[in-house]
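Protein chains in written order, with my numbering: chain P, 64 to 540; chain E, 26 to 360.
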């Protein structure tokens, strides 16, 4: 039975599954690492113990999330070769060095300083410990930069030549490859998304504890910080997304056509389809709710600008409309919901009821996971939208895969699904359980710092872990 | 041409270094995982876990470096080896997933700690076994046609690869036991010392078995090892292993704390040199040399600039991280 399945579809499913799962963790840890850096910096600057407690509270959560990011990322570094060996051989000379730089400049930096960040609080000075936190945060950002550069080059490939063996090789300088046309837009959009995702999680956790005890100083501080972030960053993200869309229109018009649901060309102004149901056999959007000429206005800044549709693209070069039409709307819809939450929090601040408006807190809880959903939806939009290519316009997905055996790919896909749901399912449960615990006044260090010998005390007894001297200066790290 | 050759050889050396760094550093992590069920629940297990918790993540990064470096500097080798050893790679990755999450999860869920301890051990054994078998599969040769893997998806399975798999499991366990001799004291250390004795015997037997089998896999290997005048050099490898063995058992018996670990590392280094003697200049025996698989010079050169600057920095701050957590784990030195 397994042999009758299409191995390429299975290989694509496997890549989509492993990369989507992986993306959840960096989307959170990029933002959380920076948040921890801010918390520790504020604590060092102000001496206010609330920051130290919040630092410890989120550090424990960071440790679990980061560990899952590491192991799911390790899988990715081998996914290219197991199922996509032709792509690896052909594109390796261009994308390989960029990934090698990611490992050299980012992964080692994060991993090298993570141990000190998690366990070294009492072993190095405050300054050095803050330095370690900064290095971990910097590492996450450097990592994002390189991997987004690789992804962007695959979307908008430039600066390459094809050698005698059919490999993509750099034509000259590496700069146009690294700074390829879609890179700055994609990087901005992705990093902001990570910050926003983290802010929404932090905000939801703060709101959860405010609903139970609105006087909890840790909950108040984290909620306030998160809502500032949402209010300031959500509008910036919408603008960054708009700029990214214009860039995509210039370089990957078919992707925009599919996102917009424009099966047909519109010679005098294209409508903005808000909702509808794509019908790919009859090439139309059923039950469309649309604003006439608005798409031309957004994308070309001219009501009557002509817009080409998918009818100008050969059928076998079109991305699947039915997927990205939806994923794009989910992302944009959530983006505006985030903006709404940010504005609501500003009103609450102005009314001085930020901490005593239960409906705002409930809304923030509902929006907690929305960043992840938006990130995955955006990822699906850009990745499915560049089909049928792995390297846009240059290398077809159908020509990129390994010599695959369907049973092997199917069995490994099944194994990934089972292991991921089991291992990461447990991880999500532990994360939620940690978040459900309110930040305490004397938040303990991660529960098993090596320096505490025999006293590996289980979580319920965390407070006993603090030596008497530490309790006196309770607000110190 | 000479320039091209040199660059490729340098990259082969850098990747060999990354793989060796991985084997050395994650080797003792995985070894502790392999030995874990033998440790008493409670203090002994927690100590063992604590001795690697701050460093395992950095150690595992060398595996990403090995894979990523191969992809970048020798894309053809990456594109052949991974499909050729497909189920092993997947098994290794899934094993490492379980091993990796267990570090955090076991502290987060006391009721199911025993479960995550099992996952920790199973993951470590599977990952170590798979790594050993990948090595064996490379050594026994990979079918290649038109720059692509041309064999079946179970070609890697043979008595020889099972031998190399088991050998690596035993060797990693030895690294783990000797690491614990260094990092623990009291009952845990005494236990590790007893384990190290038997594991050293096992490792030596495994090295002997793999060394005896390898030259007969291919005539090339035989020639590399036994032809004059090369044999004068290659004969030093077993001699050094034997000298190390004498030193190991003597120092272990005399209560040395660090020497056993470093001798175990030296054995791995010698085994690694032995592999290089067998395989060089092939990255995939019997048909793909490092030059066949090399990325173009401009790709290798671009990375080399970074590697030369950054790898020393990595070694410095990794060394610093180890220094921060020096001394015995879970004893007074840490209070």
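Glycine residues also receive a C-beta, built at the ideal position from the N, C-alpha and C atoms. These numbers come from a predicted model, not from an experiment.
(message) Using a 10 Å radius around the Cβ and a threshold of 16 neighbouring Cβ atoms, would you call residue 278 of chain E buried or exposed?
(response) The count along the second chain starts at 1 and reaches residue 278 of chain E at position 253. Counting Cβ neighbours within 10 Å, residue 278 of chain E comes out exposed, since fewer than 16 surround it.
(message) From the DSSP secondary-structure annotation, give me the bridge partner or partners of residue 223 of chain P.
(response) By 1-based counting over the first chain, the position of residue 223 of chain P is 160. DSSP lists P/233 as partners of residue 223 of chain P.
(message) Alpha carbons only, please: which of E/322, E/307 and E/89 is nearest the one belonging to residue 166 of chain E?
(response) Residue numbering aside, residue 166 of chain E sits at position 141 when the second chain is read from its first letter. It is E/307.
(request) Closer than 7 Å by beta-carbon distance: list the chain E residues that pair up with residue 493 of chain P, in chain order. (result) The residue labelled residue 493 of chain P in the question sits at position 430 within the first chain. Simply 130, 133 and 134.
(request) Below 9 Å between beta carbons is the criterion; list the residues of the stretch 77-88 of chain E that meet it against any residue of chain P, in chain order. (result) 78, 79, 80, 81, 82, 83, 84, 85, 86, 87 and 88
(message) Which same chain residues end up closer than 7 Å to residue 39 of chain E when comparing Cβ atoms and leaving out the 5 residues on each side of it in sequence?
(response) As a working note, residue 39 of chain E is residue 14 in the second chain. So the qualifying residues of the chain are 94 and 332.
(message) Measuring straight from C-alpha to C-alpha, what distance separates residue 223 of chain E and residue 79 of chain P?
(response) On the second chain, position 198 is the one that residue 223 of chain E refers to. On the first chain, position 16 is the one that residue 79 of chain P refers to. In this structure, the CA atom of residue 223 of chain E is about 46 Å from the CA atom of residue 79 of chain P.
(request) Give the DSSP-derived three-state secondary structure of residue 430 of chain P in the structure shown. (result) Counted from its first residue, the first chain places residue 430 of chain P at position 367. Coil, per DSSP.
(request) Taking 8 Å as the cut-off, decide whether the C-beta atoms of residue 346 of chain E and residue 83 of chain E are in contact. (result) For the purposes of this step, residue 346 of chain E is taken as the residue at position 321 of the second chain. For the purposes of this step, residue 83 of chain E is taken as the residue at position 58 of the second chain. Yes, these two residues count as a Cβ contact at 8 Å.
(request) Would you list the one or two residues that DSSP bridges to residue 340 of chain P? (result) Numbered from 1 along the first chain, position 277 holds the residue referred to as residue 340 of chain P. According to DSSP, residue 340 of chain P bridges with P/349.
(request) Measure how close the beta-carbons of residue 364 of chain E and residue 178 of chain P come, nearest whole angstrom, since I'm counting them as under 8 Å. (result) The first residue shown for chain E is 26 and the last is 360, placing residue 364 of chain E beyond what the model contains.
(request) Can you tell me the Cβ-Cβ gap for residue 98 of chain E and residue 322 of chain E, rounded? I've got them flagged as a contact below 8 Å. (result) The residue you call residue 98 of chain E lines up with position 73 of the second chain. The residue you call residue 322 of chain E lines up with position 297 of the second chain. That belief does not hold up - the Cβ atoms of residue 98 of chain E and residue 322 of chain E are roughly 11 Å apart, past 8 Å.
(message) With a threshold of 8 Å on Cβ separation, who are the neighbours of residue 231 of chain E within its own chain once the five nearest residues in sequence on each side are excluded?
(response) Counted from its first residue, the second chain places residue 231 of chain E at position 206. Taken in chain order, the residues that qualify are 188, 191, 192, 195 and 196.
(request) Kindly indicate the opening and closing residues of the beta strand (DSSP E) around residue 307 of chain E. (result) The residue you call residue 307 of chain E lines up with position 282 of the second chain. Per DSSP, residue 307 of chain E is one residue of the beta strand (DSSP E) stretching across 307-309.
(message) Checking 8 Å against the spacing of the C-beta atoms, do residue 266 of chain E and residue 295 of chain E come in under that value?
(response) Here residue 266 of chain E corresponds to residue number 241 of the second chain, with the count starting at 1. Here residue 295 of chain E corresponds to residue number 270 of the second chain, with the count starting at 1. Yes, the Cβ-Cβ distance between residue 266 of chain E and residue 295 of chain E is below 8 Å.
(message) Taking the beta carbon of residue 462 of chain P as the centre, do at least 16 other beta carbons fall within 10 Å, making it buried, or is it exposed?
(response) If you number the first chain from 1, residue 462 of chain P lands on position 399. The residue in question, residue 462 of chain P, is exposed, as its Cβ has fewer than 16 Cβ neighbours within 10 Å.
(request) Closer than 8 Å by C-beta to residue 276 of chain P: which residues in its own chain qualify, once you throw out the five before and the five after it? Chain order, please. (result) Mapped onto the first chain, residue 276 of chain P falls at position 213. Around residue 276 of chain P: 282 and 501.
(request) Rounded to whole angstroms, what's the CA-CA distance from residue 288 of chain P to residue 266 of chain P? Just pull it up for me. (result) In the first chain, counting from the first residue as 1, residue 288 of chain P sits at position 225. In the first chain, counting from the first residue as 1, residue 266 of chain P sits at position 203. Roughly 8 Å separates the two Cα atoms.
(request) Confirm, please, whether the CB-CB distance from residue 293 of chain E to residue 206 of chain E is below 8 Å. (result) By 1-based counting over the second chain, the position of residue 206 of chain E is 181. By 1-based counting over the second chain, the position of residue 293 of chain E is 268. Their beta carbons are not under 8 Å apart, which means residue 206 of chain E does not touch residue 293 of chain E by this criterion.
(request) Compute the Euclidean distance between the alpha carbons of residue 72 of chain P and residue 344 of chain P, then round it to the nearest angstrom. (result) Translated into the one-based positions of the first chain, residue 72 of chain P becomes position 9. Translated into the one-based positions of the first chain, residue 344 of chain P becomes position 281. C-alpha separation (whole angstroms): 21 Å.
(request) Check the DSSP bridge columns for residue 169 of chain E and list the partner residues they point to. (result) Start at 1 with the first residue of the second chain, and residue 169 of chain E comes out as number 144. Paired residue(s): E/174.
(request) Keeping to the same chain, check which residues put their C-beta closer than 7 Å to that of residue 363 of chain E; ignore five residues upstream and five downstream. (result) With chain E running from 26 to 360 in the structure shown, residue 363 of chain E is simply not present.
(message) So with CB distances below 9 Å, who are the chain E contacts of residue 177 of chain P?
(response) As a position in the first chain, residue 177 of chain P is number 114, starting the count at 1. Those within 9 Å of residue 177 of chain P in chain E are 79, 82, 83 and 346.
(request) State the DSSP-derived secondary structure class of residue 77 of chain E, mapped to helix, strand or coil. (result) One-based indexing of the second chain puts residue 77 of chain E at position 52. Reduced to three states, the DSSP call for residue 77 of chain E is helix.
(message) Can you list, in chain order, the residues of its chain with a C-beta nearer than 8 Å to that of residue 69 of chain P? Leave out the 5 residues immediately preceding and following it.
(response) For the purposes of this step, residue 69 of chain P is taken as residue 6 along the first chain, with counting starting at 1. If we look at residue 69 of chain P and ignore the five residues flanking it on each side, its Cβ neighbours are 469.
(message) According to DSSP, simplified to helix, strand and coil, what is residue 81 of chain P?
(response) Reading the first chain from its first residue, position 18 is the one you call residue 81 of chain P. DSSP places residue 81 of chain P in helix when its eight states are reduced to three.
(message) Short of 6 Å in beta carbon distance, which residues of its chain neighbour residue 180 of chain E, apart from the five on each side in sequence? Order them along the chain.
(response) Taking the second chain and counting its residues from 1, one reaches residue 180 of chain E at position 155. None.
(message) Please return the same chain residues whose Cβ sits closer than 7 Å to the Cβ of residue 72 of chain E, not counting the five positions on each side in sequence.
(response) In the second chain, residue 72 of chain E corresponds to position 47, counting from 1. Closer than 7 Å at Cβ, skipping near neighbours: 209, 213, 354 and 355.
(message) Taking DSSP's pairing of strands, which residues face residue 329 of chain P in a bridge?
(response) Residue mapping note: residue 329 of chain P aligns to position 266 of the first chain, counting from 1. Its beta-bridge partners are P/370.
(request) Measuring alpha carbon to alpha carbon, tell me which of P/451, P/405, P/446 and P/304 ends up nearest residue 395 of chain P. (result) On the first chain, residue 395 of chain P is found 332 positions in, with the first residue counted as 1. Looking at the Cα atoms, P/304 is the closest of the given residues.
(message) In the DSSP assignment, the alpha helix (DSSP H) including residue 206 of chain E goes from what residue to what residue?
(response) Translated into the one-based positions of the second chain, residue 206 of chain E becomes position 181. Here the alpha helix (DSSP H) through residue 206 of chain E covers 184-208.
(message) Can you find the residues in the same chain that come closer than 7 Å, C-beta to C-beta, to residue 62 of chain E, ignoring five residues on each side of it along the sequence?
(response) Numbered from 1 along the second chain, position 37 holds the residue referred to as residue 62 of chain E. 146, listed in sequence order.
(message) Just to confirm, is the Cβ distance from residue 144 of chain P to residue 135 of chain P under 8 Å?
(response) Residue mapping note: residue 144 of chain P aligns to position 81 of the first chain, counting from 1. Residue mapping note: residue 135 of chain P aligns to position 72 of the first chain, counting from 1. Result no, Cβ atoms of residue 144 of chain P and residue 135 of chain P do not sit closer than 8 Å.
(message) To be precise: take each residue of the stretch 168-183 of chain E, compare its Cβ to all Cβ atoms of chain P, and keep it if any distance is under 8 Å. Which residues remain?
(response) 172, 173, 174, 175, 177 and 178
(request) Go through the stretch 239-279 of chain E residue by residue and report every complete run of the alpha helix (DSSP H) that reaches 4 residues or more, in order. (result) 244-251, 255-259 and 261-278
(request) Identify, in the order they occur along the chain, each residue of the same chain with its Cβ nearer than 6 Å to the Cβ of residue 274 of chain E, setting aside the five sequence neighbours on each side. (result) For this step, residue 274 of chain E is matched to residue 249 along the second chain. Excluding positions up to five away in sequence, the list is empty.
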